[in-house]
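**Student:** In mature numbering (1 follows the signal peptide of the UniProt record, and there is no 0), the protein residues as written are -19 to -1, 1 to 117.
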């Protein structure tokens, strides 16, 4: 009898529904970028940035390189320190759309945008806009 009661108590303890850390994450509402840079040399362009995804405060580092001496109209996906977060940019209607995609919450993707005027990318050889900004 005691053994059955102990087993029942243990089963109740471990059988309770508790969200895993991934399930407990909130959907991203914005991302605070810092250290956003882009510059080109004779044969390639290099990019780097750090983003803190809010409200979870997940910090992600990004880097990327493209071939050529000018910044392309589309960067492709950057290397990310977190496989659940992707970063890229695309030139659209005279603005660069910097797009962060967060897939931390199972079954959903949150896209956060920052639009940078083409004048922040003089001659398509560097980025001279703010190194810190918020994507939402």
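Built from N, CA and C at the ideal position, the CB exists for glycine as well.
(1) Distance, Cα to Cα, residue 98 vs residue 21?
(2) Which of helix, strand or coil does DSSP assign to residue 76?
(3) Check the C-beta distance from residue 69 over to residue 58 and give it rounded, since I have them as a contact under 8 Å.
(4) For the putative contact between residue 11 and residue 93, defined by C-beta atoms under 8 Å, what is the C-beta separation to the nearest angstrom?
(5) Between residue 87 and residue 50, what straight-line distance do the alpha-carbon atoms span, to the nearest angstrom?
(6) Enumerate in chain order the residues of its own chain whose CB-to-CB distance from residue 72 is below 6 Å, with the five nearest sequence positions on each side excluded.
(7) When you compare only the Cα positions, how much space is there between residue 79 and residue 115?
(8) So which of 113, 112, 106 has the shortest CA-CA distance to residue 52?
(9) Specify, as a first and last residue, the run of the beta strand (DSSP E) that residue 91 falls within.
(10) Might you give, ordered along the chain, the residues of its own chain that have their beta carbon closer than 6 Å to the beta carbon of residue 62, omitting 5 neighbours on each side?
**Tutor:** This is what the structure holds:
(1) 18 Å
(2) strand
(3) 5 Å
(4) 6 Å
(5) 39 Å
(6) 54
(7) 10 Å
(8) 106
(9) 91 to 98
(10) 41, 42
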